[in-house]
DNA sequence: CTTCTGGTAGACTGGTCAGTCTAGTTGGAG
DNA sequence: CTCCAACTAGACTGACCAGTCTACCAGAAG
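Chains as they are written, first to last, in our numbering: chain A, 1 to 191; chain B, 192 to 382.
If you want it as structure tokens, here you go:
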């Protein structure tokens with residue numbers, strides 16, 4: 001029935017776009033969905049619209065929730081960081097990035113909205129979290145938005161670039177590297 | 192003559208690839224170079240090879256030299272940071288990133304080499320610079336490579352993502368933001 | 001003067017692809 | 001039973017494009 005078909009199309013499109021970017025052909029997507037090409041066009045007016053839908057889905061996948069009551073600051077950040085790094089630096093996150101980034105100029109409005117609803121929103125929440133810790137006197141007073149931006153940059157700045165350029169990461173384990181980044185970050189915000 | 196033509200082809204290809212990514216057609220490139228299509232194929236065996244040449248050029252453009260004798264640490268880093276940010280976050284740097292990143296899977300070897308000779312090399316030099324300052328007792332002892340990686344991440348982590356997603360930066364001036372990042376970074380490495 | 005090299009214009013091949021169209025099938029609602 | 005909506009396979013159009021080919025031209029070297 002209709003909803004299930006739409007779902008299958010979106011799933012097939014997602015995996016196809018992740019693998020080959022916008023280059024994926026509609027024929028290929030229909031084939032992978034086990035569906036006639038016409039069915040794709042029955043649910044989506046054009047390849048572009050299908051792509052936008054997939055893009056929105058992909059973008060939402062990086063969102064990570066922050067547990068609000070931070071009893072142990074370091075522990076809270078660590079938990080967040082591990083998930084965030086896994087989502088953004090994992091094979092799928094990197095593929096998504098590769099797929100979305102080159103198409104931004106053709107979809108500026110959508111792209112901005114996608115950023116705002118994912119990374120932008122996460123900056124906002126992190127900033128709030130930091131502001132709380134600062135108010136409680138557990139962190140040095142600083143611009144919390146700036147702190148949040150630095151935090152995310154440290155977690156997925158150069159490491160993302162490395163992966164985007166297919167550079168294998170050195171031997172350090174994920175857990176160790178993440179902890180190291182957190183400690184480094186906290187040193188900046190110590191009172 | 193031959194060398195001049197080759198140059199014009201590369202320049203035209205560069206601006207075309209920057210604008211439309213790998214999608215640019217060879218016809219278009221030849222037209223922009225004011226040259227026959229055959230001339231393009233006279234100098235390059237295929238579009239892929241032309242692309243690789245352009246990619247290598249683009250990658251080298253982010254390289255920034257570091258003055259080796261750091262009398263004033265903050266001043267030295269600031270000078271470096273301003274240029275680095277301008278190169279990586281400027282319109283051209285962002286376009287280059289958008290152009291290169293999606294093609295990495297088709298050119299893994301070349302991509303790795305490009306990373307190594309640009310960003311990788313810069314990490315190496317920065318690390319050396321930091322190591323020197325640590326030896327001189329002007330910075331807290333830390334893993335200098337890790338410090339260099341964090342430094343570059345902070346300079347172009349989230350800000351690059353924002354620009355890649357066409358998110359206009361808030362009102363803060365480049366100079367102010369850069370200085371703020373440097374100060375934040377140095378606080379981590381204070382003795 | 002001839003020959004060779006690097007250049008020109010532009011036609012052509014073979015392939016891919018978005019999107020449309022035709023003609024027919026199936027399953028559920030009335 | 002009939003009708004309709006969603007589906008199917010597959011042919012088709014029009015566009016684009018990498019790469020080749022033909023036929024021609026200009027200038028420098030011998």
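Here a beta-carbon is modelled for each residue, glycine too, at the ideal position from N, C-alpha and C. Remember, predicted model here, so these are calculated numbers, not experimental data.
Between residue 105(A) and chain B, is any beta-carbon pair separated by less than 9 angstroms?
Residue 105(A) sits at position 105 when you count from the first residue of the first chain. Judged by the 9 angstroms Cβ criterion, residue 105(A) is in contact with chain B.
Is the Cβ of residue 307(B) closer than 9 angstroms to any Cβ of chain A?
Position 116 of the second chain, counted from the start, is the residue given in the question as residue 307(B). Yes, its Cβ sits closer than 9 angstroms to a Cβ of chain A.
Starting from the Cα of residue 249(B), find the closest Cα among 344(B), 271(B), 278(B) and give me that residue.
As a working mapping, residue 249(B) is identified with position 58 in the second chain. Minimum Cα distance to residue 249(B) is reached at 278(B).
Applying the 10 Å Cβ sphere with the 16-neighbour rule, what's the burial state of residue 34(A)?
On the first chain, position 34 is the one that residue 34(A) refers to. Per the 10 Å Cβ criterion, exposed.
Taking only runs of the alpha helix (DSSP H) that begin and end inside the stretch 289-341 of chain B, which ones reach a length of at least 4 residues, in chain order?
299-306, 312-326
On the premise that residue 357(B) lies in contact with residue 108(A), defined as a C-beta separation below 8 angstroms, what is that separation, rounded to the nearest angstrom?
Your numbering for residue 108(A) matches position 108 in the first chain. Your numbering for residue 357(B) matches position 166 in the second chain. Contact flag correct, Cβ pair sits at about 5 angstroms.
Collapsed DSSP secondary structure at residue 38(A) in the structure displayed:
As a first step, residue 38(A) must be located in the first chain, where it is residue number 38. Residue 38(A) falls in the helix class under three-state DSSP.
Short of 8 angstroms in beta carbon distance, which residues of its chain neighbour residue 366(B), apart from the five on each side in sequence? Order them along the chain.
Counting from 1 along the second chain, the entry for residue 366(B) is found at position 175. Around residue 366(B): 273.
Label residue 160(A) either buried or exposed according to how many other C-beta atoms from any shown protein chain fall within 10 Å of its C-beta, with 16 as the threshold for buried.
If you number the first chain from 1, residue 160(A) lands on position 160. The residue is buried, with at least 16 neighbouring Cβ atoms inside 10 Å.
By DSSP, does residue 154(A) sit in helix, in strand, or in coil?
Start at 1 with the first residue of the first chain, and residue 154(A) comes out as number 154. Note: residue 154(A) maps to helix in three-state DSSP.
State the Cα-Cα distance for the pair residue 53(A) and residue 203(B), rounded to the nearest angstrom.
Sequence index remark: in the first chain, residue 53(A) carries index 53 (1-based). Sequence index remark: in the second chain, residue 203(B) carries index 12 (1-based). Roughly 35 angstroms separates the two Cα atoms.
Of all the CB atoms in chain B, is at least one closer than 9 angstroms to the CB of residue 111(A)?
Counting from one through the first chain, the residue named residue 111(A) turns up at place 111. So yes, residue 111(A) belongs to the interface.
Using CA coordinates, which residue listed in 265(B), 359(B), 295(B) is at the minimum distance from residue 373(B)?
Walking along the second chain from the start, residue 373(B) turns up at place 182. Among 265(B), 359(B), 295(B), the Cα nearest to that of residue 373(B) is on 265(B).
Measuring straight from C-alpha to C-alpha, what distance separates residue 290(B) and residue 102(A)?
On the second chain, position 99 is the one that residue 290(B) refers to. On the first chain, position 102 is the one that residue 102(A) refers to. Cα-Cα distance, rounded: 7 angstroms.
Closest Cα partner of residue 51(A) within the set 187(A), 131(A), 106(A):
For the purposes of this step, residue 51(A) is identified with residue 51 of the first chain, where counting begins at 1. Measuring from the Cα of residue 51(A), the nearest candidate turns out to be 106(A).
Would you be able to state if there are at least three C-beta pairs under 8 angstroms between the stretch 110-128 of chain A and the stretch 303-319 of chain B?
no
Tell me the DSSP secondary structure of residue 283(B) in three-state form.
For the purposes of this step, residue 283(B) is identified with residue 92 of the second chain, where counting begins at 1. Residue 283(B): helix per DSSP, three-state reduction.
Is there at least one Cβ from chain B nearer than 9 angstroms to residue 52(A)'s Cβ?
In the first chain, residue 52(A) corresponds to position 52, counting from 1. It does not: the Cβ of residue 52(A) has no partner Cβ on chain B nearer than 9 angstroms.
Does the beta-carbon distance from residue 148(A) to residue 129(A) come in below 9 angstroms?
Within the first chain, numbered from 1, the residue matching residue 148(A) stands at position 148. Within the first chain, numbered from 1, the residue matching residue 129(A) stands at position 129. Yes, they are a contact pair.
Looking at residue 126(A): is its Cβ nearer than 9 angstroms to the Cβ of residue 66(A)?
Position 126 of the first chain, counting from 1, holds the residue named residue 126(A). Position 66 of the first chain, counting from 1, holds the residue named residue 66(A). In contact: residue 126(A) and residue 66(A) (Cβ atoms closer than 9 angstroms).
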